[in-house]
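Down below is the structure, laid out as structure tokens.
There are 4 protein chains.
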Amino acid sequence: MIVIMKPNATAAEIGAVIRRAESLGVTTHPIYGDNRTVVALVGDLTRVSRESFNAMDGVNTTVRIQEPYKLASRTTRPENSVIDVGGAVRIGGPEVVVMAGPCSVESRDQIVETAIAVKEAGAKVLRGGAYKPRTSPYSFQGLGLKGLEYLAEARAVTGLPIITEVVTVETLPMVAEYADILQIGARNMQNYGLLHAVGKAQRPVMLKRGISGTIEELLMCAEYIVSNGNYNVMVCERGIRTYETSTRNTFDLSAVPVIKHTSHLPVVADPSHGTGYREYVPAMAKAAVAAGADALILEIHPDPDNALSDGRQSLSLTDFRKLMADLRRVAEAVDRVIDGEPSAEPVAQEETAQVA
Amino acid sequence: MIVIMKPNATAAEIGAVIRRAESLGVTTHPIYGDNRTVVALVGDLTRVSRESFNAMDGVNTTVRIQEPYKLASRTTRPENSVIDVGGAVRIGGPEVVVMAGPCSVESRDQIVETAIAVKEAGAKVLRGGAYKPRTSPYSFQGLGLKGLEYLAEARAVTGLPIITEVVTVETLPMVAEYADILQIGARNMQNYGLLHAVGKAQRPVMLKRGISGTIEELLMCAEYIVSNGNYNVMVCERGIRTYETSTRNTFDLSAVPVIKHTSHLPVVADPSHGTGYREYVPAMAKAAVAAGADALILEIHPDPDNALSDGRQSLSLTDFRKLMADLRRVAEAVDRVIDGEPSAEPVAQEETAQVA
Amino acid sequence: MIVIMKPNATAAEIGAVIRRAESLGVTTHPIYGDNRTVVALVGDLTRVSRESFNAMDGVNTTVRIQEPYKLASRTTRPENSVIDVGGAVRIGGPEVVVMAGPCSVESRDQIVETAIAVKEAGAKVLRGGAYKPRTSPYSFQGLGLKGLEYLAEARAVTGLPIITEVVTVETLPMVAEYADILQIGARNMQNYGLLHAVGKAQRPVMLKRGISGTIEELLMCAEYIVSNGNYNVMVCERGIRTYETSTRNTFDLSAVPVIKHTSHLPVVADPSHGTGYREYVPAMAKAAVAAGADALILEIHPDPDNALSDGRQSLSLTDFRKLMADLRRVAEAVDRVIDGEPSAEPVAQEETAQVA
Amino acid sequence: MIVIMKPNATAAEIGAVIRRAESLGVTTHPIYGDNRTVVALVGDLTRVSRESFNAMDGVNTTVRIQEPYKLASRTTRPENSVIDVGGAVRIGGPEVVVMAGPCSVESRDQIVETAIAVKEAGAKVLRGGAYKPRTSPYSFQGLGLKGLEYLAEARAVTGLPIITEVVTVETLPMVAEYADILQIGARNMQNYGLLHAVGKAQRPVMLKRGISGTIEELLMCAEYIVSNGNYNVMVCERGIRTYETSTRNTFDLSAVPVIKHTSHLPVVADPSHGTGYREYVPAMAKAAVAAGADALILEIHPDPDNALSDGRQSLSLTDFRKLMADLRRVAEAVDRVIDGEPSAEPVAQEETAQVA
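Residue numbers (the numbering used here), protein chains in the order written: chain A, 1 to 356; chain B, 357 to 712; chain C, 713 to 1068; chain D, 1069 to 1424.
Dropping the structure here:
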């Protein structure tokens, strides 16, 4: 850490900074410039508070040299983390894993039909929301426990593991009973009570970047989970809030190489929320694979026009099947693979869907 | 609501929009332009989902005509809401109420000394955090229950009502037992579980704008609380995240006249978080009063250099006393008042502080 | 400047940084931490390029310790600059100077009538655009030379100095012939050809902050002008682009204390563009005075409903007169003054207006 | 256009809106809701000013239904525009064109060596700046005319067409004499004088998105050029300014599918400025091709460590060659092609480079 003094800082003020640093067990290197003095702090700074130095008289500001997270850092662990989901799917390895499903679970038929299509198209994880945080108190808030049960049925039919969102500490035990991956949504990225709780849970976690979270903050929030004992964390880029309005969010795809560079955690990309319009999803899903994402999470719906939420950004099952074929080609072009051959007999499976 | 069709929308797609709207009990007015058709929807739209129309084939987008909140809207209630805090302080009336105190409660002495200074300077509410949401899992997280007890002691000594933050649903009953005003912090603006819970609580609530919350979203979150039965809600502008880095946040002071125009709820301004640097706080506190804020919330500390959190933005007690005098003059210049004459005998009270 | 090496930087890479720095005549202080090495550079760094160090192998990034501007810095010149406009008005001193007028000069009558109202209300400078940069090629682009002539007539009638925008180097000589203050608009903040040219002009300049300019960049652009010889520069906060849409821009009023703290140049606030809605202008104009602005620039119009541009944010003459009275009170409350007593005989002057 | 009245708008105010619209030759459809009236305007609105309606008494705001640009819109011209550059390269067709070169032309040797490497790697256009807009008045501002001459030499040696930036109207004739493509930089996106001038020039133009320009504004600026007669315009996504600091800008890659959807103009992607760090450029270059960009513009340098500008984001020639091979694979995976086989005899050409 570098402590930058104000131009008119006194010797006493500089001395106070040095004494405080040394009392914390770190070595100090004051450098006296023409206009300014800076004090470099060297040693283990994980528990040294920047803001306590910021607050001192005569200090202008401080600059951090190292990332504030440790367990999530690639410096600590140079090789990629690979997360095992239910023994069948591995996220963070050579395969690009596609997770797909509706925004909300709406009915048994809807989720089972979708799950079959997901499996048929070669995707590996089923997504679906049972508890939905919504901007308006008057909007559909999800089916709750009933939704979890439908998800479990869809898993029973297809064998696909399930990812679903957990929104409160109280409902975590119940959600964890059903989910193979726990999703922390963007609004809850800094809900530290919830982060602590999933840090104690025995399930992989997908942590979504907050709508105005920096990449560093996202990794700090991952650190909250990992430092509570749960190392199976993947982080998800899903678009940030900017002034641009032609997309729902601004999909900050550069986050993929940045996070791969600074952390060992797997990175998921969500082009559905990233763009907000189904016509832009295929281009950005392909871009995400080309950029090096370890997984994609996509919103699809058997009848997007009548979806109860996020229909504008949901692909139809037909468009999804076509996209999966395109994604396989892009994955190969960047030396990755999308496994899970599409079924040879889609018709028969569609029959199953109708029966189910 | 206006539904804007794509340029190439078919008659069947337009018909589907009209039928869906009419099935929801609203009247439709299709308008056929040269390139585009739009369908205006008239009636009670509170429970009509924009996104369900957005998702339909042939629809480009939708535009809302009315605010999505109802109970918080000035259209519903033209006169200002005035919130009674513990029978002594009224927020939203002619008086500009100043709330002040440290970011975190650090010790019994620290909070009692500060409380006496707060009272002495003529401020009306004591702030102090017992539960602190922190970006790093390695930072000081607050004294918890002990902090609440110290706040209660400070109230007993000074008679000042207390505002303190609640961060989880589980700790709400305990916090509500001690607090006169419940603060919902910026990170929890959209923590809907918590909003529901404080909506059932018997305490006034101060809801802070999220770091990337729009004004409309802030009022929607207020609506969550009000629609659960708690009408004593004030909202707080505390700076938003932008590209500018010379302040900690960008203090969006225009939110004050905007909210006063669209809602009847009282508006609080927080120039401490809004700027992040104590040298800018006095200018922006005065500006906030001139802009029409109903209350200010300020971070002060008996020894900012040694504050455990947010010291960089905390005023010393001396600077705070000077600021209070300046604020009184500005309040008068805009036909408001800051009551609570400063004590005639500050010395004696400082003795009390030392005794306490 | 601090050069921060990558965790795995080699001794050779560190050596190269040191040699380059020393070849530029600056002293180096390498500090070897556990994970990282940093090299502090001390000396005259004005002409040392940060990016040339950023580009070196083994370098992660660099951090600047001093402001990149020199002539505009308060470190260089501790006392406030005061700009003399035409011998009658001084900007940057105890008086808060109000500049007012229409967005565009539309006709001789419009500008003369407005000028009389401006003078009558006690404002000191007349604003009006003759050359208008417009987002659409199909919008009204200003009256050009004819507009300048009308402004000159309005000055002849009232004695008020004129501020008007210059948009190209080619038209600068002509505009400078008419204008008392040259305005550089937000879109041209970084039009360096134009900055060079006004740096050579014999007129005070008001430089507006670009819609996404940082405060540091704004002061760097002022440095462009000052370093070309023109010291009579004031900078203007007029709102920045953020995600918030309830105002036209986000009026970053904290820029006022920040700039007063880091620079000696006078600061102007523009609440008309800052908010974009006339109903919010009075609150934010008062806030700007309370925050310490040296001048205000306001859009007013004798008939806002029929203004050719920016009518939504223009005050009527009546509302402007009322606002001036309110501003006087706020100025006094912060120990400033708004001179220029309002005329005792407004009716007679309105007759003059009609005659003119 | 939809004019949304305030809740309390009077019949007279609504009548005034209708009369103004009808006086402009457009048809009106007033719709009377419970709380609000809206007036829909139908007809040719290209020259109807939104802001003139915004300014009227009783109007809350207006909403545009159609894009404000016409010539640049895909509605006007459904098929892709393809731009012919010097008879040899076509941008906007099946080929993804790679433009590469240094940020600044620094010397004859530097640009000729780079040009040979560009050609050898299979890229089709040489980039290089002779006039450089720089944030600091004390930074290297480019070689000017000498730089243009070196570029011409590099073209003579390699046959590659040249793209270079034009920064002022005065230097346009000279730049146009040398350049095959005129680049308008991000800072000048809304420099309307310059847009007018290149609209009259006989050269293709690449218009870069401003650092805070919306996609709609970018296309409006393209409209400025096209409406002056120059249809050979391509637009370039190069990153926008947001709160995120781990990249130089936020590379808004979704702009590619958005622009391809709303406009017929070719889209160029600039991952060098988009990310600002050479380690992230390959991932985002591949992503840009996967997202559907028609061309890439890349900064490369024979010795990035010693580049006079933007070295941090410049690829070495070796890394560039490797990237070109990777890009070919991605292009094929999305049914595009990167022509220009890499030379079979790179060694011999490197000799040429040394001789040159």
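Beta carbons: idealized from backbone N, C-alpha and C, even for Gly.
Cα separation between LYS1328(D) and PHE1319(D)?
If I take the Cα positions, the gap works out to 17 Å.
Whole angstroms are fine: how far does the CA of PHE676(B) sit from the CA of ARG420(B)?
In this structure, the alpha-carbon of ARG420(B) lies about 44 Å from that of PHE676(B).
I want to know whether the stretch 1181 to 1197 of chain D touches the stretch 1218 to 1238 of chain D - three or more CB-CB distances under 8 Å.
With contact defined as three or more Cβ pairs closer than 8 Å, the stretch 1181 to 1197 of chain D and the stretch 1218 to 1238 of chain D are in contact.
Where the beta strand (DSSP E) containing GLY805(C) begins and where it ends
Where GLY805(C) is concerned, there is no enclosing beta strand (DSSP E), given that its DSSP letter is neither H nor E.
Give me the subset of the stretch 616 to 635 of chain B whose CB atoms are less than 7 Å from a CB atom of chain A, sorted by chain position.
Sequence-ordered contacts of the stretch 616 to 635 of chain B with chain A are nonexistent [C-beta pairs closer than 7 Å].
Could you give the first and the last residue of the continuous beta strand (DSSP E) run that contains THR418(B)?
Where THR418(B) is concerned, the enclosing beta strand (DSSP E) starts and stops at 415 to 419.
So which residues on chain A does ILE1308(D) lean against when the C-beta distance must stay under 9 Å?
The answer, in chain order, is THR242, TYR243, GLU244, THR250.
Less than 8 Å separating the beta-carbons of LYS475(B) and THR514(B)?
At the C-beta level, LYS475(B) and THR514(B) come within 8 Å of one another.
Give the DSSP-derived three-state secondary structure of GLY1196(D) in the structure shown.
GLY1196(D) carries a coil assignment under DSSP once its states are collapsed to helix, strand and coil.
Residue environment, ASN720(C), which counts as buried when at least 16 other CB atoms sit within 10 Å:
ASN720(C) comes out exposed.
Mind pulling the chain G residues with CB within less than 8 Å of VAL775(C)?
Protein chains A, B, C and D are contained in the structure displayed, whereas chain G is not.
In chain order, what residues of the same chain lie with their CB nearer than 7 Å to the CB of ALA687(B), ignoring the 5 residues before and after it?
Cβ-Cβ distances below 7 Å link ALA687(B) to VAL452, VAL645, VAL693, ILE694 in the same chain, with the five nearest sequence neighbours on each side left out; the list follows chain order.
To the nearest angstrom, report how far apart ASN1317(D) and LEU253(A) are at their CA atoms.
Those two C-alpha atoms are separated by around 12 Å.
May I have the straight-line CA-CA distance separating GLY500(B) from ASP666(B), to the nearest angstrom?
Per the coordinates, the alpha-carbon of GLY500(B) lies some 18 Å from the alpha-carbon of ASP666(B).
Report yes or no: do the stretch 1073 to 1090 of chain D and the stretch 722 to 732 of chain C share at least 3 C-beta pairs separated by less than 8 Å?
With the cut-off at 8 Å, the stretch 1073 to 1090 of chain D and the stretch 722 to 732 of chain C do not touch.
Nearest neighbour of PRO161(A), chosen from VAL167(A), LEU148(A), GLY210(A), THR275(A) [CA to CA]:
Of all alpha-carbon atoms in VAL167(A), LEU148(A), GLY210(A), THR275(A), the one lying nearest the alpha-carbon of PRO161(A) is that of LEU148(A).
Just reading off the alpha helix (DSSP H) that LEU1263(D) is part of, what are its end residues?
Taken as a continuous stretch (DSSP letters only), the alpha helix (DSSP H) holding LEU1263(D) covers 1260 to 1268.
Any beta carbon from chain D within less than 8 Å of GLN1061(C)'s own beta carbon?
Unreliable positioning characterises GLN1061(C) in this predicted model, as indicated by a pLDDT of 38, which lies under 50. The coordinate reading is nonetheless provided below. Cβ-Cβ to chain D under 8 Å: no for GLN1061(C).
What does DSSP give as the partner residues of LEU207(A) in its beta bridges?
According to DSSP, LEU207(A) shares a beta bridge with ILE184(A), VAL235(A).
Am I right that ALA647(B) and ALA1005(C) are in contact with their C-beta atoms under 8 Å? What's the rounded C-beta distance?
No, ALA647(B) and ALA1005(C) are not in contact; Cβ-Cβ is about 13 Å, not under 8 Å.
Any residues in the stretch 721 to 745 of chain C with a beta carbon nearer than 8 Å to a beta carbon of chain A? Which ones, in chain order?
Against chain A - using a Cβ distance shorter than 8 Å - the residues of the stretch 721 to 745 of chain C are HIS741, ILE743, TYR744, GLY745.
Name, please, each residue of chain B whose Cβ falls closer than 7 Å to the Cβ of GLN1134(D).
The contacting residues are ASN391, ARG392.
Secondary structure of TYR32(A), DSSP reduced to three states
TYR32(A): strand per DSSP, three-state reduction.
Does MET640(B) have its Cβ less than 8 Å from a Cβ in chain A?
Chain A contact via Cβ: absent.
Can you give me the C-alpha to C-alpha distance between GLU638(B) and LEU679(B), rounded to a whole angstrom?
Strictly speaking, residue 638(B) in this sequence is Pro, with Glu absent from that position. Approximately 6 Å, taken between the alpha carbons.
List the residues of chain C whose Cβ lies closer than 8 Å to the Cβ of ARG645(B), in chain order.
Sequence inspection shows Val at residue 645(B); the Arg mentioned does not correspond to that position. The answer, in chain order, is ALA1002.
With 16 other CB atoms within 10 Å as the buried threshold, where does GLU526(B) fall?
GLU526(B) comes out exposed.
Grab me the residues of VAL1110(D)'s own chain with a C-beta within less than 6 Å of its C-beta, minus the 5 sequence neighbours each way, in chain order.
Residues THR1095 of the same chain have their beta carbon placed closer than 6 Å to that of VAL1110(D), with the five preceding and five following residues left out of the count.
Are the C-beta of SER848(C) and some C-beta of chain B separated by less than 8 Å?
Among the residues facing chain B, SER848(C) is not included, as its CB has no counterpart in that chain under 8 Å away.
Boundaries of the alpha helix (DSSP H) in which MET1392(D) is found, first to last residue
Here the alpha helix (DSSP H) through MET1392(D) covers 1385 to 1401.
Interface residues of the stretch 1388 to 1407 of chain D facing chain A [CB-CB below 8 Å]:
Taking 8 Å as the upper bound on Cβ-Cβ separation, chain A lies near residues ASP1394, ARG1397, VAL1398, GLU1400, ALA1401, VAL1402 of the stretch 1388 to 1407 of chain D.
Does DSSP put ILE1050(C) in a helix, in a strand, or in coil?
DSSP places ILE1050(C) in coil when its eight states are reduced to three.
Per DSSP, which residues does GLY1169(D) bridge with? Please list them.
BP columns for GLY1169(D) point to GLU1367(D).
Please classify PRO102(A): is it buried, with 16 or more other beta-carbons within 10 angstroms of its beta-carbon, or exposed?
With 16 or more Cβ atoms within 10 Å of its Cβ, PRO102(A) is classed as buried.
Is there a C-beta anywhere in chain B that falls below 8 Å from the one on GLU928(C)?
At least one CB atom of chain B sits nearer than 8 Å to the CB of GLU928(C).
Start and end residues, beta strand (DSSP E) containing LEU172(A)
Per DSSP, LEU172(A) belongs to no beta strand (DSSP E); it is in the alpha helix (DSSP H), 172 to 178.
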